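Protein sequence lines correspond, in order, to chains A and B.
According to my numbering, the stretch in the first sequence is residues 1 to 393, in order.
According to my numbering, the stretch in the second sequence is residues 1001 to 1320, in order.
The C-beta atom is built at its ideal place from N, Cα and C for all residues, glycine as well.
Predicted model, so just to flag it, every value in this text is computed and none were measured.
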Amino acid sequence: MNGILRLTLRYLAYNKLKTVTLILCVTLAVLLPVLLHFAVSWFEQDLHSRAIATPLVAGVKGSRFDLALQSMYFSRADLEPTNMQAVETIQESGYAMPIPLAVRFTAQDAPVVGTSLDYFEFRKLKLAQGTSLKRLGDCVLGASIAERLQLKPGDSLMSDPLNVFDLSGNYPLKMRVVGVLERAHSPDDEAVFVDLKTEWIISGIGHGHQTINAETSKDLVLGQKDQQTVANAAVPQFNEVTDENLASFHFHGDTGTFPVSSIIVVPNDAKSEVLLLGMYDSKDADVQMIRPVVIVDELLQVVFRVKQLFDVNTFLVSFSVGLLLVLVFTLSLRLRRRERQTMFQLGCSRSVIWKLQLTEVLLILVSSLVLVLCITAVVRVYAEQLLRIWIID
Amino acid sequence: MMRKYALWFVLSPLILLSACESKESSPTGETAADAPPVVVVVNYPLEFIVDSLAGSEVKVLNPVPPGADPETWIPDDEVAETIQRAELIITNGADFADWVKKLSLPRSKVLRTSLSLKDALVTVPDFEVHSHGTGGAHSHAGTVAFFWLDPNLMYRQAEAIAQRLTKLNPADKQQIESRLLKFKESLAPLNQQLDQMKADYSGRHWFSRRPVYQYLARRCGWEMFHLHWKLGAEPTEGEWEQMQTLKKEHQISGVLWERSPGKDLREKLDAQGLNSFVLNPLTTKPAKGDYLTVMQEQLSQLAQFLKSNQPVSTEEKNPK
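Below is the structure:
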């Protein structure tokens, strides 16, 4: 090994505390602007790629930001739901394929996304294990949620009740896990996907219950008139869809009025997209149709304005940290004057002594940069989750 | 020679890799294959229409097993997967076929033929009688699903199917169009029979167990009243009384049955002055013949039945 490098390393190793302090100082000074820069660019990239992949979104009139984020990231916004009639209207227009989304419930704190099978094809989601949704009560898990809950096809997952104190509210549904999706590095990894009809069962619009026999279930029967048996409210509803009770599940009311949180609209072509946007660009329309990419751009403009402030701050902080480092090294050189004199008397040339000092500074800087890179790489792995937790939720 | 081996060495893993990739399936279970596109239908009349229009270019799959009721049959997971993999799923609409409501189906592949007849749909206010909790029995409105019993509506279903089949296979557009014309012609005898019946026996009032014959009745100028009698169960005293009141009120003289009511019930009804006629709506494939031949035969028998059971009031209305 080169003598200068060996001597520098020995010196740094001997002065551990000083070396570690200097490395940490430089690391922290560099890390903040680097992370901020990457965080903003990841955020921009993540939002943009998701927005570009979601051509149009329809939902009830209200906050456009909430509508876009709910449709793309399944965030829980207090948006009024629209209904299935809105989905049918878009489908019947012939301009686009509507993909309904119902995002009102959770299972183990993960969003339960009620949708149609078209969603998987639209997002190009592949199965890692099991099969796709087959019938009422089935669910397919995103890769992260399956990993977190340690679930695989064949297991069950219970939906969370909206309000544990509301006895007349919706009943939790025990869902059959039929598949786990491949990791998509998107919010889909964190979601529990069910059929839209299953979501309606969780919300209580549809249900299944035992057949009442007036002779054997006297405690459940209020009255018997001709062939009609009137049962009381104590009739237990099924909280799980099985092969045996599947036939008993039914829905009440007009399907057109059933709730849908938002609709992803996939136009047939550019002309259809314009026509659709025109169709809903009216004061009288109950539904608004938005281009998520436009909303994301608006959102990013705000982020960039904040980032500009951070950039100025970063410049000032970096400048002051740089000055501090110069001061630290200058003082260090002064403190080591006797050491340099000894080396000179031992026969070291001035250039070698300077090389030793510079190598020391370089090693500290390089170590700091390596540390910054390592921390950045680790943060990158969890960046998606962190961004979603901090910004979307 | 060496270069040839080197080429094989490079290409063979690529070929193997591409072979493995083709087996991957999406959540909808799609696989690339050269097999003809599969079109799933929910009942026999739709199967008959698709068979008449598509020829051998598509594989028509009616998943309902023989002997099962297409309205209540529910497929197992394996069949459900086959249905999901189909290129097109043609449903009847108006809640015909329970499995459509209970399975997860890709909306983009589903063609609801009822949407093409929106203006002609018949809604019945007491379609289903239901009870929950303390509220007692109440009725739900519903749409009658047996569109094909009116050949004009069956043709409109066929038009919607032809349009979708053309999208599925644009190269066959002309063939599909010519088959649609032939299909229209093949329905002509049924139309003639129904027109004749309307001319001869308009104004008839019928009972049926449940809402089934509304489209046929509208076509013939008849009115239908349903009894809501449970399938296979003996009507109660209250139901008999209800039926008699309705019979007197509307001068109803006949009952249309989807399947034979049984000897005892038929005799009881005869004694009440109600003649029974079985008109199979053909939701399942007949043992002999096809939709057209069997329906023609049934309509001829119905005309014969009407002739032999001509009520006095009708003769007065239509003097010959």
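Does the beta-carbon of A/N313 have 16 or more other beta-carbons within 10 angstroms, so that it is buried, or is it exposed? Working through the first sequence from its first residue, we reach residue 313 of chain A at position 313. By the Cβ-count criterion, A/N313 is exposed, with fewer than 16 other Cβ atoms from all chains shown falling within 10 Å of its own Cβ.
Measure the Cβ-Cβ separation of A/V112 and A/I202 and say whether it is below 9 Å. For the purposes of this step, residue 112 of chain A is taken as residue 112 along the first sequence, with counting starting at 1. For the purposes of this step, residue 202 of chain A is taken as residue 202 along the first sequence, with counting starting at 1. Going by beta carbons, A/V112 and A/I202 fall inside the 9 Å limit.
Contact set between B/D1264 and chain A, taken where Cβ atoms lie within less than 8 Å: As a first step, residue 1264 of chain B is located in the second sequence; it is residue number 264 there, counting from the start. Simply none; closest approach about 17 Å.
Would you mind giving the Cβ-Cβ distance between B/G1254 and B/F1225, rounded to the nearest angstrom? I have them listed as a contact below 8 Å. Within the second sequence, the letter at position 254 stands for residue 1254 of chain B. Within the second sequence, the letter at position 225 stands for residue 1225 of chain B. Going by Cβ atoms, the distance from B/G1254 to B/F1225 rounds to 11 Å, so no, they are not a contact pair.
Would DSSP call B/G1029 helix, strand or coil? Walking along the second sequence from the start, residue 1029 of chain B turns up at place 29. Bear in mind that the predicted position of B/G1029 carries a pLDDT of just 48, short of 50, making it unreliable; the figure below should be weighed with that in mind. Residue state, collapsed to three classes: coil.
Which residues, in order along the region 1096-1119 of chain B, keep a beta-carbon less than 8 Å from a beta-carbon of chain A? Within the region 1096-1119 of chain B, the qualifying residues are D1098, K1101, K1102, L1103, S1104, L1105, P1106, R1107, S1108, L1115.
In angstroms with no decimal places, state the Cα-to-Cα distance between B/T1245 and B/T1236. The residue given as residue 1245 of chain B occupies position 245 in the second sequence. The residue given as residue 1236 of chain B occupies position 236 in the second sequence. Near 14 Å, if we compare the C-alpha coordinates of B/T1236 and B/T1245.
Flag this pair as touching only if the region 1092-1099 of chain B and the region 1195-1202 of chain B have three or more C-beta atom pairs under 8 Å; answer yes or no. Cβ pair count under 8 Å is below three, so no.
What separation, rounded to the nearest whole angstrom, lies between the Cα atoms of B/T1072 and B/L1115? Residue mapping note: residue 1072 of chain B aligns to position 72 of the second sequence, counting from 1. Residue mapping note: residue 1115 of chain B aligns to position 115 of the second sequence, counting from 1. Linking B/T1072 to B/L1115 through their CA atoms gives a straight-line distance of about 22 Å.
For a minimum of 3 consecutive residues, which ranges assigned as the beta strand (DSSP E) are wholly contained in the region 47-117 of chain A? Listed in chain order, they are 56-60, 96-107, 110-115.
Would you say A/V379 and A/L386 are within 9 Å of each other, going by their C-beta atoms? Within the first sequence, the letter at position 379 stands for residue 379 of chain A. Within the first sequence, the letter at position 386 stands for residue 386 of chain A. Cβ distance < 9 Å, so A/V379 and A/L386 count as in contact.
Sufficient close CB pairs (3 or more, under 8 Å) joining the region 264-276 of chain A to the region 88-100 of chain A: Touching, yes, given that three or more Cβ pairs across the two stretches are closer than 8 Å.
Considering only DSSP beta bridges, list what A/P259 is partnered with. For the purposes of this step, residue 259 of chain A is identified with residue 259 of the first sequence, where counting begins at 1. Paired residue(s): A/N83.
With DSSP collapsed to three states, give me the class of B/S1276. Locating residue 1276 of chain B in the second sequence gives position 276, counting from the first residue. In this structure, B/S1276 counts as strand in the three-state DSSP scheme.
Between B/E1081 and chain A, is the shortest Cβ-Cβ distance under 9 Å, so that the two count as touching? Your numbering for residue 1081 of chain B matches position 81 in the second sequence. Taking Cβ atoms only, chain A reaches closer than 9 Å to B/E1081, which makes this a yes.
If we ignore side chains and look at the alpha-carbon of each, how far apart do A/L35 and A/V303 end up? As a first step, residue 35 of chain A is located in the first sequence; it is residue number 35 there, counting from the start. As a first step, residue 303 of chain A is located in the first sequence; it is residue number 303 there, counting from the start. Spanning the two alpha carbons is a distance of roughly 15 Å.
Kindly give me the distance between the Cβ atoms of A/T82 and A/V57, rounded to whole angstroms, as I take these residues to be in contact under 8 Å. Counting from one through the first sequence, the residue named residue 82 of chain A turns up at place 82. Counting from one through the first sequence, the residue named residue 57 of chain A turns up at place 57. Actually they do not touch by this definition, with Cβ atoms about 11 Å apart.
Sub-9 Å separation of B/L1227 and B/Q1242 beta-carbons: For the purposes of this step, residue 1227 of chain B is taken as the residue at position 227 of the second sequence. For the purposes of this step, residue 1242 of chain B is taken as the residue at position 242 of the second sequence. Their beta carbons are under 9 Å apart, which means B/L1227 touches B/Q1242 by this criterion.
Straight-line Cα distance separating A/M175 from A/L363: Here residue 363 of chain A is taken as the residue at index 363 of the first sequence, counted from 1. Here residue 175 of chain A is taken as the residue at index 175 of the first sequence, counted from 1. The alpha-carbon atoms of A/L363 and A/M175 are separated by roughly 57 Å.
Uninterrupted alpha helix (DSSP H) stretches inside the region 276-302 of chain A (no shorter than 4 residues): Runs found: none.
Shorter than 9 Å from the beta carbon of A/L133 to some beta carbon of chain B? Here residue 133 of chain A corresponds to residue number 133 of the first sequence, with the count starting at 1. A/L133 counts as touching chain B.
Taking all protein chains shown into account, decide if A/M158 is buried (16 or more other Cβ within 10 angstroms of its Cβ) or exposed. Your numbering for residue 158 of chain A matches position 158 in the first sequence. Burial state of A/M158 is exposed, judged by a 10 Å Cβ sphere holding fewer than 16 other Cβ atoms.
Runs of beta strand (DSSP E) lying entirely within the region 1183-1270 of chain B, each at least 3 residues, in chain order: Segments of the beta strand (DSSP E) lying fully in the region 1183-1270 of chain B: 1205-1208, 1223-1226, 1254-1257.
If the criterion is Cβ atoms closer than 9 Å, does the pair A/E182 and A/L127 meet it? In the first sequence, counting from the first residue as 1, residue 182 of chain A sits at position 182. In the first sequence, counting from the first residue as 1, residue 127 of chain A sits at position 127. Taking 9 Å as the cut-off, the Cβ atoms of A/E182 and A/L127 count as close.
Could you name the residues of the region 99-127 of chain A whose beta carbon sits closer than 7 Å to any beta carbon of chain B, in the order they occur along the chain? Against chain B - using a Cβ distance shorter than 7 Å - the residues of the region 99-127 of chain A are S116, L117, D118, F120, E121, L125, K126, L127.
Give me the chain B residues within the contact set of A/A247, using Cβ-Cβ distance strictly less than 9 Å, ordered along the chain. For this step, residue 247 of chain A is matched to residue 247 along the first sequence. Within chain B, the residues T1072, I1074, D1098, K1102 have their CB atoms less than 9 Å from the CB of A/A247, given in chain order.
In or out: B/P1125 buried (at least 16 other Cβ within 10 Å) or exposed? Here residue 1125 of chain B refers to the residue found at position 125 when the second sequence is read from its first residue. Per the 10 Å Cβ criterion, exposed.
Buried or exposed for B/H1205, please, with buried defined as at least 16 other CB atoms from any protein chain shown within 10 angstroms of its CB. Reading the second sequence from its first residue, position 205 is the one you call residue 1205 of chain B. By the 16-neighbour rule on beta-carbons within 10 angstroms, B/H1205 is buried.
If you measure beta-carbon to beta-carbon, which residues of the region 83-97 of chain A are closer than 9 Å to chain B? For the region 83-97 of chain A, which is checked against every Cβ of chain B, the residues closer than 9 Å are V87, E88, Q91, E92, M97.
According to DSSP, A/G206 sits in a beta bridge with which residue or residues? What you label residue 206 of chain A is simply residue 206 of the first sequence in a count that begins at 1. In the DSSP output, where bridge partners are listed per residue, A/G206 has A/F251.
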